Structures are given as structure tokens and as C-alpha cells.
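*Asks:*
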Amino acid sequence: MAKLTEKVQTHAQDRSRHLLCPSCRVRTKLYTLKDGRKKCSACGTKFNPEKKTDATKLKQYADLLLCFCLNLTAKQASDMTGYHYRLASAVYDRFRMLLASQNLTPGKLQLLKTPEACDHAIHDSAFCRRCRSRFGCKGRKSGDSPIFGVKVLADNRIFIDPLPDDEASFRFDAPLTDEKRKFSAYAGFICRGKFHRFTDNERLKDGAERLWAWMSERLQKHHGIWKSNIGLYLKELEWKYNNRLLTSETQALKITELMPADFLVSWAHADTIQLDAAVPRGRDTEPRKAAARPRGA
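Count along the sequence shown from 1, add 54, and you get the number used in my numbering.
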């Protein structure tokens with residue numbers, strides 16, 4: 055909470071602690087109105103420098119961030135804190151997108167949440183021919199998430215890489231040629247919630263097995279995930295796996311450092327969510343989701 059408050063205060067003031075207009079961010083004269091608000095002499099914006107709603111939002115973010123780092127689902131966080139489920143879910147997705155943006159290009163971020171547009175029958179997709187003999191595999195369908203390559207790096211950190219179909223086919227269809235050597239760090243790929251491990255590298259094979267056992271245990275808590283959101287959940291688990299030796303409080307502090315200074319404004323505007331204080335609720339339930347249970351190869 056203190057770290058978030060410090061970040062917001064830093065955004066609202068310049069280095070000399072002069073109060074800045076939240077609209078134009080220009081250091082200029084601010085008029086004091088009769089009702090206690092300030093008026094910017096440059097752009098005319100009227101604002102309250104000590105809004106009580108900001109303190110409420112900060113507490114909500116702090117509470118939900120700690121729940122996020124404790125590996126509680128949005129439903130569990132909603133029940134524990136008393137905040138509406140839609141609020142908890144929206145803030146969780148914001149945290150996931152923040153973590154995903156740390157090591158993905160804008161194009162990869164777009165691909166991360168882009169569901170498959172059409173069906174890929176087994177015999178029509180070069181990529182799906184690779185696993186057509188697997189029991190229960192019927193090929194990728196409209197609405198499915200993209201394919202994710204799984205890298206196990208030299209320091210035992212992992213990287214989840216969303217891949218377009220043509221790149222996935224090029225990388226994962228045998229045999230391995232010199233042109234494909236740059237992809238040799240991949241330990242396998244995730245397709246339709248199923249992890250396909252490669253067996254040609256013992257070091258990567260062992261690391262991939264440990265990774266998927268760790269991820270499966272945490273994915274099962276959600277009892278189904280929207281297919282378009284699988285990538286965000288995987289990027290969340292990637293970050294948590296790479297920081298698994300840290301305490302939940304330390305993880306929360308690291309995520310706080312990644313958050314933009316104007317997150318109270320920019321995140322609310324981007325999601326068009328009103329972060330109001332929690333009110334007594336009826337029987338709110340988690341929305342029905344498309345099943346995406348993790349399965350071993």
C-alpha cells in the first residue's frame with residue numbers, strides 16, 4: 055500500500071513537489087476554488103488533489119495484488135476481500151497484461167489474445183499433422199488460443215512464446231535443419247491446453263516436466279479458463295515460476311515497480327471500469343467459462 059501511494063504521489067508532483075495538473079501535466083499556476091478544488095491556469099481543468107476515491111482505489115489494488123501473488127483466483131479474492139468479482143477479475147487481467155508486456159513485442163501481445171478464426175482439420179493443417187495420432191486430438195478449432203512455444207533458458211528460467219501457425223509449423227515439424235537451429239531452445243509447445251514435450255534434449259525434457267507439473271497444479275484451481283485468456287494465464291505463471299523463490303510480499307513489490315505511475319487513471323480509462331468501493335452483494339458467481347484444463351502430453 056505504501057509503495058503504491060508513493061508511486062501515485064510521484065506522478066502527481068514534480069521533483070520540487072510542485073502539484074501538477076492531472077490533465078496536461080504542466081507546471082503552472084493552480085487557482086484554488088471556493089469548494090477546495092484546484093483549477094489549472096493552462097488548460098482549465100478542475101480537480102481535487104486529495105480525492106477520497108483515489109485512496110479507495112489504492113486499497114483495492116493493494117488488496118488484490120497481494121491476493122494475486124498468493125495465487126488466489128479472482129473468485130477467491132472477491133470472496134475474501136468483499137470486492138465484486140468483476141472488479142477482481144478486471145484487475146487480475148491488468149496484472150497479467152502488465153507481466154506479459156515485459157518481454158513481448160506489441161505484435162506478440164496482440165497474438166496472445168487473438169483466438170483462432172477458423173477450424174483446422176487434422177489433414178488440412180500442416181501443424182496439426184504432427185500430433186494427429188494422439189488420442190483425442192481433433193485439430194485446432196475456431197475460438198482456440200494460439201500455439202505457445204515453451205523455452206527453458208540456461209538459468210532455468212522459462213519463456214512462453216505465442217507463435218503464429220506458420221512459425222509453429224516451421225519450428226516443430228521434424229526434421230531439425232540448420233535453418234531451425236535458432237529454435238532449438240524450445241522444450242515443447244502448448245496447444246489447446248495440452249503440453250507436447252520434446253524428447254530429443256534430456257536437459258530440456260526434465261526441465262519441461264517439472265515446469266508443467268508446477269503449472270498444472272496452479273491452472274487446475276481455475277476450473278476452466280476463457281480460451282482467449284489462456285495466454286495471459288500462461289504469462290502470469292511464467293513470471294511466477296521465474297520468481298518462485300521470492301515471498302508473496304516481495305513479488306507484490308516487484309510488480310508494483312512495473313506498474314505505470316498513472317495507473318489509477320490509465321488503467322481505469324483503458325478498461326472503462328469504475329473502481330468503486332465494495333458494496334453488499336447478492337449471490338455473485340463466477341461467469342461460466344470454456345473448459346481449458348491442463349493435460350499432460
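Glycine included, each C-beta is placed from N, C-alpha and C at the ideal position.
Quick caveat: nothing in here was measured; it's all calculated off a predicted structure.
Would C123 pass as a contact of Q274 if the rule is Cβ separation under 7 Å?
*Replies:* No.
*Asks:* Under the assumption that K205 contacts A154 (Cβ atoms under 8 Å), give the Cβ distance between them as a whole number of angstroms.
*Replies:* The Cβ separation is near 15 Å, so there is no contact.
*Asks:* Near T99, which residues of its chain fall below 8 Å by C-beta distance, leaving aside the five closest residues on each side in sequence?
*Replies:* Once the five neighbours on either side are set aside, the close Cβ partners of T99 are C75, P76, S77, C78, K93.
*Asks:* Roughly how many angstroms separate the alpha carbons of L386 and D117, rounded to a whole number?
*Replies:* No answer is possible for residue 386: the residues shown for the chain start at 55 and end at 351.
*Asks:* Under the three-state reduction of DSSP, which class applies to Y85: helix, strand or coil?
*Replies:* Strand at Y85.
*Asks:* So what's C97 in DSSP terms, helix, strand or just coil?
*Replies:* Coil, per DSSP.
*Asks:* With a threshold of 6 Å on Cβ separation, who are the neighbours of S132 within its own chain once the five nearest residues in sequence on each side are excluded?
*Replies:* Cβ within range, chain order: Y139, A142.
*Asks:* Under the DSSP definition of a beta bridge, which residues are partnered with G242?
*Replies:* Beta-bridge pairing links G242 to V204, R251.
*Asks:* Would I201 and F243 be called neighbours here (beta carbons separated by less than 7 Å)?
*Replies:* Contact: yes.
*Asks:* Only counting the same chain, and skipping five residues up and downstream in sequence, which positions put a Cβ closer than 8 Å to that of L312?
*Replies:* The answer, listed in chain order, is L152, L153, Q156.
*Asks:* For L288, which residues in the same chain have their Cβ closer than 8 Å to its Cβ, ignoring the five residues on either side in sequence?
*Replies:* The residues are F202, I214, I244, M269.
*Asks:* Could you tell me the boundaries of the alpha helix (DSSP H) in which L166 lies?
*Replies:* Counting along the chain, the alpha helix (DSSP H) containing L166 begins and ends at 160-166.
*Asks:* In the DSSP assignment, what residue or residues form a beta bridge with P216?
*Replies:* Per DSSP, F202.
*Asks:* Do you know whose CA, among L286, A208, T82, lies nearest L165's CA?
*Replies:* Minimum Cα distance to L165 is reached at L286.
*Asks:* Are P400 and K162 close, meaning C-beta to C-beta below 7 Å?
*Replies:* Shown here, the chain extends from 55 to 351; a query on residue 400 therefore has no answer.
*Asks:* Put L300 into one of helix, strand or coil per three-state DSSP.
*Replies:* Coil.
*Asks:* Taking 7 Å as the cut-off, decide whether the C-beta atoms of S282 and K167 are in contact.
*Replies:* Yes, the Cβ-Cβ distance between S282 and K167 is below 7 Å.
*Asks:* Within the 7 Å Cβ cut-off, does N210 reach chain B?
*Replies:* Of the protein chains in this structure there is only one, and it is not chain B.
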